[in-house]
Amino acid sequence: MSLLETRDLTGFYGDFQALFGVDITLSEGETVAVIGANGAGKTTLMRSISGVITQAPGMVRFDGREIGALPPDEIMALGIAVVPEGRKLFPSLSVEENLMMGCHRRKVAGPWSLDTVYGLFPILKERRHQPGTALSGGQQQMVSIGRALMSNPRVLLCDEISLGLAPVVIKDIYAAFPQIRETGASVVVVEQDVGQAMKVADRVYCMMEGRVTLSGRPSDLSREAIHDAYFGAAA
Amino acid sequence: MIWVDTVLQGVLLGGLYALFALGLSLVFGIMRLVNLAHGDLIVLAAYLILMLVTLLGLGPFVAALIALPVMFAVGWVLQRLVLNRVLGPDILPPLLVTFGLSVVLQNALQEGFSADSRRIPAGWLETASVPVGPISLGVMPLLTFGSAILVTLALQFVFYRTALGRAFRATSDDPVTASLMGVKPASVFAMATGIAMVVVTIAALYLGTRANFDPTTGPARLIYAFEAVIIGGLGSLWGTLAGGIIIGVAQTVGAKINPEWQILAGHVAFLVVLLVRPRGLFPRAFD
Amino acid sequence: MAGYTVTTRTRASQIAAAFALVLLIVAILLPAFASRSLIQDLFFILTMLTLAQYWNLLAGYGGLVSVGQQAFVGFGAYSLFGGAILWGLNPIAGLLLAGVAALIIAVPTAFFAFRLQGAYFAIGTWVVAEVVRLSVAQWKAVGGGTGTSLPRDARDAMWGAEWIEIAFDTRSSAARDILAYWLALLLAVATIGGIYWFLRTKRGLALAALRDNVEAARSVGVDSERMKWVVFLVAAFGTGIAGGLIFLQNGRISPDSAFSVIDWTAFVIFIVVIGGIGTIEGPILGVLIFFGLQTLLADFGSWYLMVLGGLGIVVMLFAPGGLWGLLSDRTGLRLFPIQRRLERRATIEENSDG
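Residue numbers (the UniProt record's numbering), protein chains in the order written: chain A, 1 to 235; chain B, 1 to 287; chain C, 1 to 354.
Spelled out as structure tokens, the structure:
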């Protein structure tokens, strides 16, 4: 049975329909990437899963439970943690306080704690008393990932973590992923960077204009098929 | 020497204004809500303490201790049932709802307690004073000022040393992201207003024991509180204390020159600060 | 765009305009057959309506929630009294002075209050109003803290009062009420007409754009700072005249009555909120409800204000558009349409532009 799934998920962004019946599944321990161009509906998908957008209860299921209509704080408490697009550090909190916010509600013993997060990203320990906003973009992204890990989540949702970062920094951040996966967490990575997504994911969903246009294992998908699913088949 | 005395009395009076202001500052800092009924809630708490004193024969401090949790609950419920519904990008609904609440409270108090002015009896404390060199300082004013410092320290501790304070600041920064961390903004806001009402109750104890009050006393207290908050810089707790002191000193000095100028002098001090430092004395780095 | 025409008129607005014209003629002729107390009631309704329209212009259209309009009512009224007492100025001319005086103190008020963001603007205007009240209370020539009456010779010299006295064959005090009523009618009609005209001009549309979205309005070139100034000063001017008129009719003034936050701001806010903020119809409906409640609950003292405040809260929570908002949402009724609508012209063939 899958840990997290969406069933016929539709979503609206204002009056604009952003999702048209999206079905996505995630198994225990799996890493899934969702790729697609701007406006493909990736953000609406993430917001629907995390509860920022309220849906019909059955449209999102987690561990056999219908969670589509739950508010974000309750979904978080169940074990779905978010690394939001744009990092979204709290500017009036220090690095360490930002990390502590991750386990504000969900205090579950597990592999992740302040010490292990600092072990994963040693630079954060050095700068733990500085305001989060004083850090570089890449370091802020590390805080955001560490903050999500602090709750020892069963599912980690990473929304556009490479957006606005230099390639070398992106590489640094993705270098942490094997360690995150080793602890058994399931991960959903939303990316515009197709190459990066293919490298980390067990399976890939490609979205275009609110629909899943392609899915499968990275090794099974040809470059052309992805190109067509991403940009639309050349007419 | 007479001016030293005047300024010192003003500083102590400033402690009272800081107590009026700290609750307002707290609530604004966390949810950007300006509660126009803040002054009337202070007066409500003063009547509550007065009732406990006269009906149960309690001392004012014990009565205030009982009033604390009651007022916390009042604040919590008010936020949960009413104010949370009107929070949002539009400033109009919260302003108008709290303005309506102010009018309702004033008239409900008038109906319940008549328009007569009252005072919470504090026995010998009312007139007690301690000599400091050639100057004599009232015990109640000293207690007021001490309380203002203690309340500021306590709020500072809650804000910067506890998980609740962390959640306060995170929610103030970004409620959506805070909710992704498991924070329920509606509960955080209710908690904040509850705490603000605890501060309001402490303010009410000193308002009621030091001077007469009646159901229409609230709006003027709101204005002093507001001036202290703006002078201090929005959301800065120590700034709010400093702002209260500035208003207090301006009032006593003004009154010394001409008794009719007391209130006016406080307002003028506020306008001068607004002119010179529009963001207050200790502005937050970001908003 | 052949086949379409831009219009703001609706059938309801045309019927309303015709009805309003009839109503206006009746209102002008009313003193010939109405009782003095009815004239006084109508005076009260008309002046409150005027104040409500200006506050609505500020808050409903300009997004400027002022809790300090009593500064302009009071200062306008005091200027009229001061002019009559110190310079023997005819009170009718004093009305203009009232408006100008309010306009003059509105400049520093705006200067200070605009420094305060959002909600703090509200209390900022209140502080300024307090400063004006406390300062005027120091003005001994107009009675200081206890106030004063309009001098008898100034009252008797009011332009037009003598003519009314003869024409209606009535006592001079009743004649003054009739004069005040006509002036209030003129002021209310000019205010509503002026605001309606303004909202339909390019500037007025810009104001509506500003209310809906400051960023978007700025991006199409609306100078929000300047619009705020214009709206604030216009409202102060009108509010000052209304204040002068109210106390001219009253004949007595004191700092507490002239700068009453309850009378000149709280009531006005409730009228607008209950009737429907951000519409011209709302305050009209609101003032009628307000007057009805006042008549009904006059004997219950503070209960009346509790009901009014409670009603304001309930409306804000459950029907933020006010009663007129409820009504026009249900029926699509608009008496003062501002939106420009595209209408298909009937005569031109369809599908002309593919």
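Don't be surprised by glycine CBs; every beta carbon is placed ideally from N, CA and C.
C-alpha gap between ASP177 (chain C) and GLN249 (chain C), whole angstroms: 7 Å
Given ILE62 (chain B) as reference, the closest of B:GLU227, B:PRO121, B:ALA128 once Cα atoms are compared: It is Val, not Ile, that sits at residue 62 (chain B) in the sequence shown. Nearest option by C-alpha distance: B:PRO121.
Contact between the stretch 199 to 212 of chain A and the stretch 15 to 35 of chain A (3+ Cβ pairs under 8 Å): yes
Per-residue burial, LYS140 (chain C) [other beta carbons within 10 Å of its own, 16 or more giving buried]: exposed
Whole-number beta carbon distance between GLY76 (chain C) and GLY99 (chain C), since they are thought to touch under 8 Å: 6 Å
7 Å Cβ cutoff, MET316 (chain C) in contact with chain F: Given the protein chain composition of this structure (A, B and C), no chain F is represented.
DSSP beta-bridge partners of GLU96 (chain A): In the DSSP output, where bridge partners are listed per residue, GLU96 (chain A) has none listed.
Of the residues B:GLY235, B:ALA255, B:GLY194, the one placed nearest LEU81 (chain B), counting alpha carbons only: B:GLY194
First through last residue of the alpha helix (DSSP H) which encompasses GLU126 (chain A): 122 to 126
Proximity winner among B:PRO89, B:PRO94, B:ILE66, relative to LEU78 (chain B) (alpha-carbon distances): B:PRO94
Secondary structure, beta strand (DSSP E): runs of 3+ residues fully inside the stretch 159 to 206 of chain A: 186 to 191
PHE90 (chain A) at chain B interface by Cβ criterion, 7 Å: yes
At least 3 beta-carbon pairs within less than 8 Å: the stretch 207 to 227 of chain B vs the stretch 102 to 111 of chain B: yes
Endpoints, the alpha helix (DSSP H) within which GLN294 (chain C) is located: 281 to 297
Runs of alpha helix (DSSP H) lying entirely within the stretch 8 to 60 of chain C, each at least 4 residues, in chain order: 11 to 29, 36 to 56
7 Å Cβ shell around PRO134 (chain B) - same chain, five flanking residues per side excluded: MET1
Beta-carbon proximity check, residue 244 (chain A) vs PHE177 (chain A), cutoff 7 Å: With chain A represented from 1 up to 235, any question about residue 244 (chain A) goes unanswered, as that position is not in the structure.
GLY146 (chain B), buried or exposed, once every other Cβ within 10 Å from all chains shown has been counted against 16: exposed
Unbroken alpha helix (DSSP H) run spanning PRO131 (chain B), endpoints: PRO131 (chain B) -> not in any alpha helix (DSSP H); beta strand (DSSP E) instead, spanning 129 to 132.
Touch test, the stretch 227 to 243 of chain B against the stretch 271 to 281 of chain B, Cβ-Cβ under 8 Å, three pairs minimum: yes
Distance between VAL199 (chain B) and GLY21 (chain A) (C-alpha atoms, nearest Å): 52 Å
Beta-carbon spacing of PHE81 (chain C), ILE253 (chain C) below 7 Å: yes
First and last residue of the uninterrupted alpha helix (DSSP H) at GLN55 (chain A): Segment: none, GLN55 (chain A) is in no alpha helix (DSSP H) and carries neither H nor E.
Straight-line Cα distance separating PRO283 (chain C) from VAL151 (chain B): 44 Å
Residue nearest to LEU44 (chain B) in terms of C-alpha spacing, selected from B:ASP90, B:ILE263, B:PHE213, B:ARG166: B:PHE213
For THR213 (chain A), three-class secondary structure by DSSP: strand
Short CB-CB distance (under 7 Å) between GLN110 (chain B) and chain C: yes
Contact with chain B by ASP73 (chain A), beta-carbon distance below 7 Å: yes
Cutoff 7 Å: VAL82 (chain A) Cβ touching any chain B Cβ: yes
Beta-ladder partner(s) of VAL22 (chain A), from DSSP: A:LEU9
Within-7 Å CB hit, ALA235 (chain A) to chain B: Only weak support exists for where ALA235 (chain A) lies, its pLDDT of 42 falling under 50; the value from the coordinates is given anyway. So no, ALA235 (chain A) is outside the interface.
Validate contact between the stretch 151 to 165 of chain C and the stretch 86 to 93 of chain C using beta carbons, cut 8 Å, 3 pairs: yes
Cβ-Cβ distance between ALA185 (chain A) and LEU156 (chain A) below 7 Å: yes
Minimum length 3: unbroken beta strand (DSSP E) runs contained in the stretch 139 to 171 of chain B: none
Residue burial classification, PHE16 (chain A) (beta-carbon count within 10 angstroms, cutoff 16): exposed
Assigned secondary structure, LEU13 (chain B) (DSSP; H/G/I helix, E/B strand, else coil): helix
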